[in-house]
Each structure stands twice: as C-alpha cells, then as structure tokens.
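In this note's numbering, the protein residues as written are 140 to 771. Accompanying notes for the structure given below.
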C-alpha cells in the first residue's frame, strides 16, 4: 500500500515539531539562573538531536517492494535485489523488502553500495541464528526497520558466534555498520544471548514501535548517537540499557529522548551517554544493579561507600577525626582506619557502575516522568547536570544526583526517597522546583573533586573554603531529611529566595547547616533543625535577619515547632520528624527589636532580634555564623 500525501504531510509536520522542540529547550523561568541558561545553550549547540521526516515515515509501495518469506529451511524471494542460500538472505540493492515467516537457523545480511538506502518491512518475521547475528548490516548508507502494524517480529541469537575476518566485530543480534532507524507500530522482540541486542556503529534512531530487548550485555547502542522520539521499550540487560559510546567528538556520543515509555532493568547503567544525555519527555521506570537495596556492596564485591556513614554520624564525629559523639566520647581519640582507595573509589567501569541516568559531559532533563531505583547514583554526570522540568522520583544506593561539575535546578519535582547523599555538585544552584531529599549522610553537598568519597572530602585543610564551590538557593521549595549535614558547602552558601526546611542530624557531629566559607541570606525562608554540637547559622554579611537558637533540651520527633511574634501571630512553623535541639530560622518577616517566641513540645523560649544575626549557641562551629572569628 502506498503512503498517502496526507500521511506524508503529517510525518513531515511531526518531524519539524520534534526538531524544533529539540533545539528550543524549555521556556525560561523568571527565576532561572544565567549559569543554568548558558550551560543548557552550550550543550544544545554541540549536538544535533533532530529527527528527519523519513525516520518517521512508515509508508511504502507494496507493488514495487521485494517479498522475502522464510519457511521450511529456505527463503523464497519475490523480486530483484536479494538472493538466498538456505535460510540466509543477502540484500545487495537499495529498495524496500517485506520480510515474513520463520527461520530456525537463518540470517538477513545487508551488503549493498555505501550510498544505498534500504527499508526492511518486518511483517511477522521470526528468525533464529545459531552462530551469528540474525540481522547484519555490513554495508549501506542507511537502513530502516519498519514494524508493520499489528505484527509480532522476533530475532534471536545464540550464546556464541562463529566469526570470520569480515564480521569479526559483530557483537549484536541486530548489528549495523550504517545508520539504523526503527519505526512503525508493530512489535520487535530481540533475544540477545551472545552480547548486545541492537547495535548501530553510526546513529541509532527510534521513532515508534513496541520494542522488547533481553540481552546478555548492552540492550541498545548507537555509537555516534541514540535518538528516540517515541515507542514502548521493555529492556532487561546484563550490563547497560541504552548507550552511546563515541569519544572522538563533542557532538557525538549523545543520547536524546523526546518521547517514549521505558521499563529498564539493568545490572549496570540504564542510560549512558559518553557526552550529553538529554531528556525532554517520556516515562521511565528504571532499576539498576538490583536497586537501592544492593548499595552495601559494589558489583565487583568490594565495599561501597557506606563506611562513611560511621564517620561523623554519632560514632566518632567530625568525619571520623575525633570529635565527641552524643555521649562525649571521641575527642582526642583515634580516628577510624581509613579505607584504601581500592575499597572506596568508585569507577565508571562496567564492573562497578550501576547508575540510572549517566553522562560524560552533561545531563539535561526538561521533562518526563521518572521512577528510579538504583544501586548507584540515580542521576550522574562527570560534568554538569541541568534540570528545568520533569517529575523525578528516585531511591538510590548512593547519591540521588551527582555532578562532578555544576548542578542547576530551575523547575520540576524531585523526590529523593533514599540516598547516601541527596544532591551533590561543585556548584549547586536551586532557582525553582519542588525538591525533597532523604539522605543517610548530607542532604545537599557542595564539594570539589569527583564522586570518590575519599580524599577530596577529607584532609588536613578540610575546614578551609574550597575555591569554586558554592551552594546557591534562589527559589523553589526544598525539604531535607538528613542524618549527616542538612545543607553542606565546602565553600560558600548564599540564600536569596525560596523556602527551605531541614530536618537535620540527631548527633552533634553534624549540623543542619555546614559551610567552610561564608553563609549569607538576603531573602527567602528557612527553618533548619538539628542537634547541638556543630550547629551553624548565617553570617553577619547577610541583609536579612536570622536566628540560631539552642533550646534547653531536646525536642521529641513529630512535635510542631512554631515561631510567633509579640502579638502571638505565627511567623514560621515546621514539624521535624526526628529529635532536635538547635534551630536556624530566617524570614523576611523578622524585624530588629522584635521579640519572638519559639515553641516546641513543652518548651517555650523567647528571643529578641538584636542584630542581623541573633544567636545563643555555644556549639563547636568555630565561631562561624555568629559574626565572630574562628576559635575552638
């Protein structure tokens, strides 16, 4: 059947929309930071995520097509451009080929001119190959696989291949040395018992289809790029789910997703881009490495970073360097033995990395629905992370989100229900969005260095501020539940807007706020509750009033905290879910000379604002946040 002009017009229109969407990005928020905008634009200019009309077009002329039917150990060919030998079919000319039938030990080989474009119509074909790839594209300009509506198509290989010199690098059930596009609304099932499922050594484009891949290694790989605009994907992979591997150019090695529904279960990374991972839309249900429950051991059998949970969280304090615990033990004592680099440093090799969304230079998320359960980081970039939209729910055995570079959030909903550290980057900037974090260590951590958990977070000068390390909160709503520090910057912390609630540590070795440089508040609302010992407040370079106040005794969990003015009007309120004794609060409603009442449980204490910073704290926070100098 020949595609109608109306259908062609619809396909071209859809392609134009996808191309425009890929380059326009999301609309700018009034609170979007200049840094986030410039980073996003720089990445968009480096990759070509456009999808052409022909990648969407599923139409073909049946009368001029070549029919290939597999049956009874042979393949019948109706037309020119293909030959058969038993159940092996070789296609040597450009054109359209309609494939159907069953081969118990067959193959499709495309070996045409390097300028040839070939369309393979999968019309109910089931091919099993005992010793090689069921579909091999050795030479062509581009190959299209069209999944005919209502059909079931299956390609299956065996656990070993018999390869010669001409196909020695073949390692996928569908293996293409040319650009490969998959479209159509039918079903494709790939059973890859040898290594990979679907591989293109150039660009892999998928615009539609019901695609099921079970693979011993990677499910889907496009060396130069992977572009997906639609389809339903069910992936179970022995190593990686979807990856792009080109390291030779900054405009290659990327993954772009503008639509689709994904259920991905992998032992290693689910989405891995060598350069940029860009997601604009789609639904994602991702499990890696057996999920967050498998966080205690890395997949190579060595301990994960959970050893850090015992360093500063009530068992010896100050990141394991001799600070007293809640019982007064630990000062001057021996710090715990430091793990070796081999046992703590996390590499990105396929033997240890089980991240959900991972990129070499940048992760961009502007939309989509995400449910992630990962043994390793849920969102990870060796460079930057930019989030401008989407609904992201993650449970992580390591970090919820980690960027070796900068991490910027301007919109979207982020719910990190389980993590070691919730959000981590060198510069973390929050301009908007709704963010909730549960962490067994720090809620938000800003530190230089890579995601290793070793010397970049410890050492003799760990109290000195790090250059280029910042936490900036300018908008949004942030709720933190952290067993370590709630908000932790190894450099400076600035707050200019937004609403922040911190349910901080119950031990005195950490603080609801922790910073090595300065903490400045010029706007916004914050209530941060935690233990007495290392509590810190904002500094006197601020322009908005703040209070750091220690109550006379601890407050039980789930007791409402209220701050009221002299007229009894409630200014602030929060219900921490853990015990606490120290609170930091700031609001544009606070006024100098006004007396406020802090009520929590059976305790009620008054404080009068007597300067930009008001504090009664005698904690061991080196004088920071009190307007004083450092002192122990």
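Cβ coordinates follow ideal geometry from the N, Cα and C atoms, glycine included.
Ordered along the chain, which non-local residues of its own chain (more than five positions away) have a Cβ less than 6 Å from that of residue 218?
If we look at residue 218 and ignore the five residues flanking it on each side, its Cβ neighbours are 205.
Kindly indicate the opening and closing residues of the alpha helix (DSSP H) around residue 192.
Residue 192 -> alpha helix (DSSP H) spans 192–195.
Residue range of the beta strand (DSSP E) that residue 286 falls in?
Element bounds for residue 286: 281–286.
Give every residue of the same chain whose Cβ lies closer than 7 Å to the Cβ of residue 188, excluding the five residues on either side of it in the sequence, and list them in chain order.
Only 161, 366, 395, 417 meet the Cβ criterion.
What is the C-beta distance between residue 531 and residue 547, in whole angstroms, given that I count them as a contact (C-beta under 8 Å)?
Not a contact, Cβ separation roughly 14 Å.
State yes or no: is the beta carbon of residue 337 nearer than 8 Å to at least one beta carbon in chain C?
Protein chain content of the structure displayed is limited to a single chain, and chain C is not contained in it.
Hey, would you say residue 431 sits closer than 8 Å to residue 514, going by beta carbons?
Cβ distance < 8 Å, so residue 431 and residue 514 count as in contact.
Count the other CB atoms within 10 Å of the CB of residue 262; is the residue buried (16 or more) or exposed (fewer)?
It is buried - the Cβ of residue 262 has at least 16 other Cβ atoms within 10 Å.
Can you tell me the Cα-Cα spacing of residue 584 and residue 236, whole angstroms?
Going by the C-alpha atoms only, they are around 56 Å apart.
Go ahead and label residue 727 buried or exposed: buried means 16 or more other beta carbons lie within 10 angstroms of its beta carbon, across all protein chains shown.
Exposed, by the Cβ-count rule.
Measuring CA to CA, which of 382, 724, 227, 202 is closest to residue 413?
Minimum Cα distance to residue 413 is reached at 382.
With 16 other CB atoms within 10 Å as the buried threshold, where does residue 215 fall?
Exposed is the call here.
In this structure, does DSSP put residue 376 in helix, strand or coil?
Looking at residue 376 - three-state DSSP - the assignment turns out to be strand.
Looking at the secondary structure, which residues open and close the beta strand (DSSP E) in which residue 671 lies?
Note, residue 671: premise wrong, no beta strand (DSSP E); not H, not E.
Would you call residue 304 buried or exposed, if buried means 16 or more other Cβ atoms sit within 10 Å of its Cβ?
Classification of residue 304: exposed, given that the 10 Å Cβ count is below 16.
Are the beta-carbon atoms of residue 641 and residue 571 separated by less than 8 Å?
Cβ distance not < 8 Å, so residue 641 and residue 571 don't count as in contact.
Excluding sequence positions up to five away, which residues of its chain have a Cβ less than 7 Å from the Cβ of residue 225?
So the list reads 212, 213, once near-sequence residues are dropped.
Under a three-way DSSP split, which group does residue 549 fall into?
Coil at residue 549, not helix or strand.
For residue 697, count the other beta carbons within 10 Å of its own beta carbon; 16 or more makes it buried, fewer makes it exposed. Which is it?
Residue 697 should be labelled exposed.
Tell me the start and end of each unbroken beta strand (DSSP E) in the region 226–275 that is at least 3 residues and wholly inside, in chain order.
Within the region 226–275, the complete beta strand (DSSP E) runs of at least 3 residues are 227–230, 234–242, 246–250, 256–267.
From residue 356 to residue 376, what distance separates their C-alpha atoms?
Distance between the alpha carbons of residue 356 and residue 376: 6 Å.
Would you mind listing the beta strand (DSSP E) stretches within the region 557–590 that are 3+ residues and don't spill past its ends, in chain order?
Segments of the beta strand (DSSP E) lying fully in the region 557–590: 562–564, 566–569, 573–578, 583–585.
How about residue 542 and residue 523: are their beta carbons less than 8 Å apart?
Yes, they are a contact pair.
With the cut-off set at 8 Å, would you say residue 380 and residue 386 are in Cβ contact?
No, Cβ-Cβ distance for residue 380 and residue 386 is not below 8 Å.
If you follow the beta strand (DSSP E) that residue 403 is in, where does it begin and where does it stop?
Where residue 403 is concerned, the enclosing beta strand (DSSP E) stretches over 400–405.
Compare the beta carbon distance of residue 335 and residue 311 with 8 Å and say whether it is the shorter of the two.
Yes, they are a contact pair.
For a quick check, are the C-beta atoms of residue 292 and residue 264 less than 8 Å apart?
Yes, the pair counts as a contact, with Cβ atoms nearer than the cut-off.
Hey, how far is the Cα of residue 278 from the Cα of residue 250?
Residue 278 and residue 250: Cα-Cα distance of roughly 5 Å.
Can you give the Cα-Cα distance for residue 534 and residue 246, rounded to whole angstroms?
Whole-angstrom Cα-Cα distance: 42 Å.
Of the choices 426, 389, 402, 428, whose alpha-carbon is the least far from that of residue 415?
Of 426, 389, 402, 428, the residue nearest in Cα terms is 389.
Does at least one heavy atom of the ligand FAD sit under 7 Å from the Cβ of residue 231?
The ligand FAD is not part of the structure shown, which contains no ligands of any sort.
Could you name the residues of the same chain whose beta carbon sits closer than 7 Å to that of residue 229, not counting the 5 residues immediately before and after it, in chain order?
Excluding residues within five positions, the ones whose Cβ falls inside 7 Å are 221, 222, 248, 250.
Confirm, please, whether the CB-CB distance from residue 721 to residue 689 is below 8 Å.
Result yes, Cβ atoms of residue 689 and residue 721 sit closer than 8 Å.
Would you mind sorting residue 755 into buried or exposed? The rule is 16 or more other CB atoms within 10 Å of its CB.
With fewer than 16 Cβ atoms within 10 Å of its Cβ, residue 755 is classed as exposed.
Taking buried to mean at least 16 other C-beta atoms within 10 Å of its own C-beta, is residue 558 buried or exposed?
Answer is buried; the Cβ neighbour count reaches 16.
Since residue 609 contacts residue 566 with CB under 8 Å, what's their CB separation in whole angstroms?
About 5 Å separates the two Cβ atoms, so the contact holds.
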